[in-house]
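Each remark here refers to the structure printed beneath this line.
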Amino acid sequence: MIAWLMGLAAQAQAAAEPAPVAPADDGLDLIARLGIATGLLAIALILLVLEFFVVSGGLIGALAVCAGIAAIFYAFTVGPAAGWAFMVATPILAVLVLNWGLRRLQRSKLVVQATVSGDAGYRHRAHEIGIAMGARGVLVTDAFPTGRARFAGGEIDVAVRGATAGKGAEVEVIAIEGPTVFVSAR
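As numbered in the numbering used here, residues 50 to 235 make up the sequence shown, in order.
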């Protein structure tokens, strides 16, 4: 029984010890493999920078990610320490390059720098000729339900709420909603 327990303990200890990592059999020494991994990482960073200047639909960015992953895998052929160093350094460098690129892109001429204020864009003609809520005018045409009315500042197209009104009827502005001026017959 003791021999059996000793055998189990030996098997557990052997299972707990990491298996030795076989070096890559590509005929290169450690320095050359580390240089290749560093070169792949440099290519990944260059591709990531290039992504900010070339419209590629993300293809160059995907190639940069692939090159970064390849650099990490190739660094593990040098040894676990180099692999983990690349595993930590690659995302940090990628974040730094992305941060630089996004800040540069904000100041770029590729991005429109104009600001749009609340009063920019659509401005109704009613405001230009001084028509506001409660303004009174006279219909120039029949309104079934839309027509044209003359106010103190000029003429404008209106829509009658409620009953229709004929030419010459007095109207009062009850609402201005978007492009439509609503009036009611008096």
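Don't be surprised by glycine CBs; every beta carbon is placed ideally from N, CA and C. As the structure is a prediction and not an experimental result, all values here were calculated from the model.
Here's the rule: buried if 16 or more other CB atoms are within 10 angstroms of the residue's CB, otherwise exposed. What is PHE193? exposed
Close-in-space but distant-in-sequence residues of the same chain around LEU79 (CB under 6 Å, 5 per side omitted): VAL127
According to DSSP, SER105 sits in a beta bridge with which residue or residues? The partner list for SER105 (beta bridge, DSSP) is empty, contrary to what the question assumes.
Flag this pair as yes or no: are the beta carbons of ILE205 and VAL187 separated by less than 7 Å? no
Provide the residue(s) that pair with PHE231 in DSSP beta bridges, ordered along the chain. ALA208 and ALA224
Would you tell me roughly how many angstroms separate the C-alpha atoms of ILE109 and LEU96, rounded to the nearest one? 6 Å
For PHE193, the three-state DSSP class (helix, strand or coil): coil
Can you tell me where the alpha helix (DSSP H) holding LEU89 begins and where it ends? 79 to 100
Would you kindly work out how many angstroms separate the C-alpha atoms of GLU100 and THR139, rounded to a whole number? 17 Å
By Cβ distance, which residues of its chain are closer than 6 Å to GLY88, with the 5 residues on each side in sequence left out? none
Tell me, which residues are paired with SER188 by DSSP? Before going on, a small fix: residue 188 reads as Leu here, not Ser. DSSP lists ALA198 as partners of LEU188.
Need the endpoints of the alpha helix (DSSP H) that ARG174 sits in, please. 174 to 177
Rounded to the nearest angstrom, what separates SER105 and LEU154 at their Cα positions? 16 Å
Going by Cα to Cα distance, which pick from THR213, ALA214, ALA181 and LEU90 is closest to GLY203? ALA181
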